[in-house]
Structures are given as C-alpha cells and as structure tokens.
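Right, one structure below, let's go through it.
Structure follows, in structure tokens:
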C-alpha cells in the first residue's frame, strides 16, 4: 500500500501546525487534576500558577512538555513544592480473583477512629520531605480497618488518599471536545447547556468541512464558532451574524490555540449587512478588528489560576491578535456570500426565539444547504419547524434530542455511571430549498 | 461530495452537470442517490423524470415528472449518503458518527486508521473531517466489500482521501509502515482486544482510539487490554430521540370560574376540549363562549432506536 508522505507533518511545520503535540510558551492548556475531578484552563506563561489544596504551584515545568504528560506534586529537598513530570508506570492488572474475597464491611464502624496518624503527624512527615506515596503507605499501615476491607474497597481507599496527598495533573490540549466538556461540567449556563454530543451533532448536521462558508449565530460564548473553525482548518469562513448592532462575544475562541491562518477565517457581520441588496455597501471600515483588550475576561475562565504579570505583557505583544468579537468580514467576502449564499448554518442563540432569527437568516443560505438550530427549549423549536414547513422554506425537517450515557467498565464492577446528564438541548435540522 | 476548493463549494449558482451525483428526495424517508447522465431517466411511483431536464438547474430545486409530480434534487452530504447507501453490513448512524468524529479529535490534516470499512458510512464522514490535507486508511478483511467501498468512494468523489486495503487487522495488526503516524484509530471489529496492541503502535502519543462494540462483554475485554498502554478510558452510549410536531385546532370551552381573558389567550385547552381532524368537523360546543385556536405541539416519536453499540475511547499514554 502506498504511504503518502505528504500526510506526515514535518518538524518545520510544527510552528504553525494545526495539531500541535507540545505545549509551547503562551499557549492555552487544559489541566486535568486528579483524573477528571477538576478541570482548569490556563495560559502557560512564566508566571502562571495553579492552586491545589492550599498551595500554589508554578506551571513553568509544563512549558515544552508534550500534551498528555503527567505531573505530580513533589516536595523538593529545600521543602518547596513543585510539579514534577512523572512517567506513568505500567499498571499491573489485578488478576486476583475478586469473587473469592470474602471480606465485607459488617464490622466497620464509621467513627473516625480508624486512623492512628493525626493531621499533625502527616504535616510533620511532609515537612521532613516525605513523598506523597510514602504518606499514603503510612496511612495504610496505620489504619486499623484497612486489612478487613474487601479488596475493591481497599483499592477505592488507596485511590482516595492518592488524590489528596499525591495529586496528579495531566496536561491536556484544548480542543472543541475538552473545552465543551469542561464548560458543560462547570459553567453549563454559559454555553447554553450545549452538551458535547449536541455540539457534535450540530457540526455533522451542518456538514461543516474545509472550504465551506458556514454562517453561525453564536450566543454561547464562542464555543460553536471555535468548533466550526477547528473543522474548517484554515479554509472557508465561519461568519458569526447577529441582529442589531453588535455581535455577542466569542471569547472562547482564544482557548483553542488557533494558528493565524485559522483565526483569519473567523469573521462577523450583521444580518442587515448580509441581507442588504447587492449594491455598493456604505463606507464602513474593512477588516477592522474589534479587539477585546480587557484581559479581566481571562479571569472568568481561569479562576483558580492566578495569572500574574504575564497577561499585561501578552496584550502588549502583537503575536496573537485577540478575538474578542472577531474581525469584521471584508466587503469582498460579503459580496461573495450574497452572490453564492452560505453553504450551511448553525444557530445556538440563547434566549432568542428561533423562528424570528431563522426567517431572516435562512434566505442567506444556498439552496440545498443544510442547517442545524440548537435550543434549550422544545416549544420554540416546534413553532419554528412548523413555520418553516408552512412557508415551504425547508425540507427534511427534524427535531432531535441527543441522549448520552457514560459507563464505568471495571472487572466485576461494570455499570452506567451513577450520575448522568439528562439534558443536552434540542436540535432542529433541515435543508433549505428554493421556494419557487 | 466534498469541495476541494472554494469554487466547488455549495452555492446558489452551482448547477447540476452531466456526471454529478445527486440525491433525489421524495420524502424524508424516501430518498435515493442518482448519477446524472445526459440520457438517463428516473422512474418512480410519480412517473418518470428525464435527467436532461435536470442538467443546468441549481441544486435544491423541484423537478417534475411527466405526471406533474415533483421531487427535490439535493447535493450529496455524508449525512444523506448514510441514509441512502446500500447496506452491505450494519452501518453506523449519525448519532454515533458525529460523536466519534468529535471525540477522536479529528480535524483537517489528521491521519485516521479505520477497521473494518463495512459499507463506508463512517469512512465518508471521516474523509470529510480530515479534508483536504489529511487521509483515512481503511481496512476490511472481506475482499468484495472492500471493492464495493472503493467504488462508492469513487462515486462520491472522496477516493483521494480514503485508501481501502484488504487486511485482517485482528490477525495481522495494522501495517508497520503506518507506525506512529496515526492521530486517531477507529475499531469496529468482533474482537477488538486483539487489535489494541497494534493500534497502540500506530498512534502518536496522546492520540485517541475508539472501539465500537454492540456487546458489553466485548467492551469489558477491550477495556482490560486497553489499561496497559492507554489512559482516560471512557465508555459511552449515544442515542437520538426524535420529535413529531403537529398543529392542533383546539377548542376551548368556558369553565366555571375561568376568566374570559384566560380563554381568549387560548394557551390552556379546557377539560372539554374537542380536537378536530379537519375543518368541517367541529364538535358543537356546550356553551356559547368558545374560541378555536391552533397550537403547535411536539411530542417524542413512539419508535426509537434502543441500542447501536458502546463507544469506548482511550488516549495513548505519553511515555517519552
């Protein structure tokens, strides 16, 4: 089979690599503390820190590390706490026959008296430079009830202690997937309760691909715009449109670490401008970037990370143009869209009636262009679908509700997770047709 | 199917040409793919349609049969293709496809390995996601199905993005040549645990693997094997629920104690509502104060797919 070498990115491309594998200075990262317990977005600068428990740890060791590398809190010889890169040890599968373990918890009394070590003892150990794993071993040795526990309960106990005394931090790449999941877990209202499977459905139903011109109405902070831009990969356009005079913020786009090539493709233009007849448009500035200079917006997202002097330095540098609201679409682009229409539409407009937006925005699409409208509430979508049918503006109309359930798969312990998200929104999809 | 440059992108102006693949849409559940030819004719229950009438018309328009009935001609997309392709095997549908593409973090330029090819439903969506600079290497152990898939990819115009090879991945693993080059790997095999070690060799560090299995026992065995080289192992089920929307003419009769304003608002049908099926079938109201309003209502469809398979995702550990 022919292996096409063009498909392999060379070292030279790494700088503007759309798919970077290493965390560079100044890039945005997602920190996964203790295996998904806590997710924090951060920007890797010299002065950036992460707070775990009561201590702040410098994020400097993370710069230059490959995405996917694991860090653990360790006490240095001088007593300082640092994040050290650790290489994961190959886990041995516990092949002990769990079903033969006859221990259970009938004699365990929950009276806080099972552990001999006190908090002061542990603190003393830490000050003397004991490593996290050593503390855990000591806790197990000093537990009166540990040996009586059922094997799987012992594992659960050990894991719990590990998370507290030897926390691990996983360096993750921000991607539409991780950004959406993190926000959905922590601040779902900011993204309109758009769950990861609903977002993926929007991207697929709207046929987002390279060289397409995607029209979006993004009122979920930029998540949809960013996800579309990710799939466009630096070709085509994603144009965020809006009623009235100014678009909503698409600040989240900054977290994606887009290359300049991709960022150029993210533009905005009002519905009025896109709908006006094909005449010479009024003398508005062409490509005037509306920058969101106020860096306090970083704090919204990165609350646990204290970003110090670095952010001020960043706004002065001209390296990465800010994408507060996106650059205004050029006249040429607008004319092209009026001529050809957009190739698809995604709407994620919180608190807006979908029909009142759809009736203005749908005519901007080419014929046979697919669209996907997301909304938290069913009724407005039902009305919108009905009106589209009556007006014969679209076919293949369907209202879909995505359903997602996660499973825990462990030997003898396989079952769905105890907690589940029961709601991820509704999507109205269809294809625009010509009304003649 | 996929635009290879902005000129080929979907637009008002793009007209149907001889040799194009179009989707003929009668109803949402009656569609078929047709290759347009100068002398071609489409026959269905509405009569017959000459392809020559279609050439030169823009996509998304109505075309009429000799009997005056119409259908729509649509541009092919991977979604429509999944609904109209010929099933040689059980295929993946939009719910699983869209979740897989997102969770595997597939973006333009990626290299994705897939086994088995099956009927090419997922392959088409993967091709869309990696275009224009990435590539999909797809493997199937069944020679005839691999050939059919290649034909389909030619027909839909994505053969420059997908390479199909006949290979038994469970027995032989993935080819050595691709080691360390894959951003993502997708497995849809009866015994995926046999392919995990080979998949681990193919993946870049921090790359993502996905295994699709209908049975939980398969999932359990796969997860056991995944634990040696992979982290962040997560298993999901994805389904869709569709809703039907109806306009109902609702008559609101007066109820004791209800204010007239409430009734005129018509938001709540009263206990004695009569739902009429057509306009000349109104039930005679019991009292004189009644108004007919129409309400658009939605409810879930009664039929739904209960299960397709479990999707297990895992990341290759970073060891360097």
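Chains as they are written, first to last, in the numbering used here: chain W, 72 to 507; chain Z, -14 to 305. The beta carbon of each residue, even a glycine, is placed where N, CA and C say it ideally should be.
Residue-chain proximity (residue i, chain Z), Cβ-Cβ < 8 Å
i: residue 254 of chain W; result: no
i: residue 192 of chain W; result: no
i: residue 495 of chain W; result: no
i: residue 404 of chain W; result: no
i: residue 276 of chain W; result: yes
i: residue 450 of chain W; result: yes
i: residue 439 of chain W; result: yes
i: residue 429 of chain W; result: no
i: residue 105 of chain W; result: no
i: residue 135 of chain W; result: no
i: residue 282 of chain W; result: yes
Element boundaries [beta strand (DSSP E), containing residue i]
i: residue 125 of chain Z; result: 120 to 125
i: residue 441 of chain W; result: 441 to 446
i: residue 35 of chain Z; result: 32 to 35
i: residue 197 of chain Z; result: 188 to 198
i: residue 497 of chain W; result: 497 to 503
i: residue 229 of chain Z; result: 215 to 237
i: residue 28 of chain Z; result: 26 to 29
i: residue 204 of chain W; result: Where residue 204 of chain W is concerned, there is no enclosing beta strand (DSSP E), although the alpha helix (DSSP H) it sits in stretches over 203 to 212.
i: residue 62 of chain W; result: Summary: the structure shown does not reach residue 62 of chain W, with chain W confined to residues 72 through 507, and so no result is reported for it.
i: residue 306 of chain Z; result: The requested residue 306 of chain Z does not occur in the structure, where chain Z is confined to residues -14 to 305.
Any chain W beta carbon closer than 8 Å to residue i
i: residue 293 of chain Z; result: no
i: residue 36 of chain Z; result: no
i: residue 105 of chain Z; result: no
i: residue 72 of chain Z; result: no
i: residue 186 of chain Z; result: no
i: residue 139 of chain Z; result: no
Residue i: first and last residue of the uninterrupted alpha helix (DSSP H) it sits in
i: residue 106 of chain W; result: Note, residue 106 of chain W: premise wrong, no alpha helix (DSSP H); not H, not E.
i: residue 82 of chain Z; result: 79 to 88
i: residue 455 of chain W; result: 449 to 461
i: residue 203 of chain Z; result: 201 to 211
i: residue 404 of chain W; result: 402 to 411
i: residue 107 of chain Z; result: 106 to 115
Close-in-space but distant-in-sequence residues of the same chain around residue i (CB under 7 Å, 5 per side omitted)
i: residue 446 of chain W; result: 425, 452, 496, 497
i: residue 133 of chain Z; result: 73
i: residue 505 of chain W; result: 438
Local conformation of residue i per DSSP, three classes
i: residue 57 of chain Z; result: strand
i: residue 197 of chain W; result: helix
i: residue 99 of chain Z; result: strand
i: residue 278 of chain W; result: coil
i: residue 148 of chain Z; result: strand
i: residue 136 of chain Z; result: helix
i: residue 334 of chain W; result: helix
i: residue 374 of chain W; result: At residue 374 of chain W, the pLDDT of 32 sits below 50, so the modelled position is not reliable; the number obtained from the coordinates is stated separately. Reduced to three states, the DSSP call for residue 374 of chain W is coil.
i: residue 228 of chain W; result: helix
i: residue 291 of chain W; result: coil
i: residue 175 of chain W; result: coil
i: residue 471 of chain W; result: strand
i: residue 479 of chain W; result: strand
i: residue 265 of chain W; result: coil
Cβ-based neighbour list, residue i, same chain, cut-off 6 Å, excluding 5 preceding and 5 following
i: residue 229 of chain Z; result: 286
i: residue 65 of chain Z; result: 8
i: residue 125 of chain Z; result: 101, 102, 131
i: residue 250 of chain W; result: 326
i: residue 517 of chain W; result: Because chain W spans 72 through 507 in this model, residue 517 of chain W falls outside it and cannot be assessed.
i: residue 443 of chain W; result: 273, 276, 277, 417, 498, 500
i: residue 11 of chain Z; result: 56
i: residue 107 of chain Z; result: 77, 82
Integer Cβ distance of residue i from residue j, believed to fall under 8 Å
i: residue 121 of chain Z; j: residue 195 of chain Z; result: At roughly 14 Å, the Cβ-Cβ gap does not stay under 8 Å, so residue 121 of chain Z and residue 195 of chain Z are not in contact.
i: residue 73 of chain Z; j: residue 135 of chain Z; result: Wrong, their Cβ atoms sit about 12 Å apart, outside the cutoff.
i: residue 470 of chain W; j: residue 227 of chain Z; result: 7 Å
i: residue 449 of chain W; j: residue 412 of chain W; result: Not a contact, Cβ separation roughly 29 Å.
i: residue 78 of chain Z; j: residue 67 of chain Z; result: 6 Å
i: residue -13 of chain Z; j: residue 201 of chain Z; result: No, residue -13 of chain Z and residue 201 of chain Z are not in contact; Cβ-Cβ is about 36 Å, not under 8 Å.
i: residue 112 of chain Z; j: residue 163 of chain Z; result: Actually they are not in contact, since the Cβ atoms of residue 112 of chain Z and residue 163 of chain Z sit about 17 Å apart, beyond 8 Å.
Residues of its chain near residue i, where Cβ-Cβ distance is below 8 Å and the 5 sequence neighbours each way are ignored
i: residue 492 of chain W; result: 255, 266, 475
i: residue 288 of chain Z; result: none
i: residue 270 of chain W; result: 247, 251, 294, 295, 298
i: residue 261 of chain W; result: 254, 291, 292
i: residue 328 of chain W; result: 91, 98, 99, 244, 245
i: residue 196 of chain W; result: 205, 206, 209
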